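Take a look at the structure below.
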Amino acid sequence: MPELDGFELGKMIHAHPRFQNTAIIFISGVRLTDLDRLKGIRGMWERLRRLNGTLEIGSNGRGTRVTATIPLQGTTSPMRQGFA
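Going left to right, the sequence shown walks through residues 794 to 877 as the numbering used here numbers them.
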């Protein structure tokens, strides 16, 4: 997206009343800086926190694992999804 980055797109989506509560976990691009990655992780953490969820990030010599846990309404067990 030459005129717009993913962070700006996320703000535009959340500005619309219908999509204010839509979870955008991460929008990435080809040329990310370390600051872009940090902004993405911070945004993901803040959104999960608002949903009463948690974010776990672990790293080893082979890669990084991100696990997001979001409680579902009307259930007692959280939904847990990991991404490697």
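Positions of the beta carbon are idealized from the N, C-alpha and C atoms, including for glycine.
Remember, it's a predicted structure, so these values are computed and weren't measured experimentally.
What first and last residue would you give for the alpha helix (DSSP H) that runs through residue i?
i	result
ARG893	One cannot answer for residue 893 here, as it falls past the ends of the chain, which runs 794 to 877.
PHE800	799-808
LEU878	One cannot answer for residue 878 here, as it falls past the ends of the chain, which runs 794 to 877.
If you follow the beta strand (DSSP E) that residue i is in, where does it begin and where does it stop?
i	result
ILE850	847-853
What is the rounded straight-line gap between the Cα of residue i and the Cα of residue j?
i	j	result
THR860	ARG843	16 Å
GLY803	LEU797	10 Å
GLY856	LEU848	17 Å
THR826	GLY836	15 Å
SER852	ASN814	30 Å
Just to confirm, is the Cβ distance from residue i to residue j under 7 Å?
i	j	result
ARG840	ALA816	yes
ILE806	PHE800	no
ILE863	GLY846	yes
By Cβ distance, which residues of its chain are closer than 6 Å to residue i, with the 5 residues on each side in sequence left out?
i	result
ILE850	VAL859
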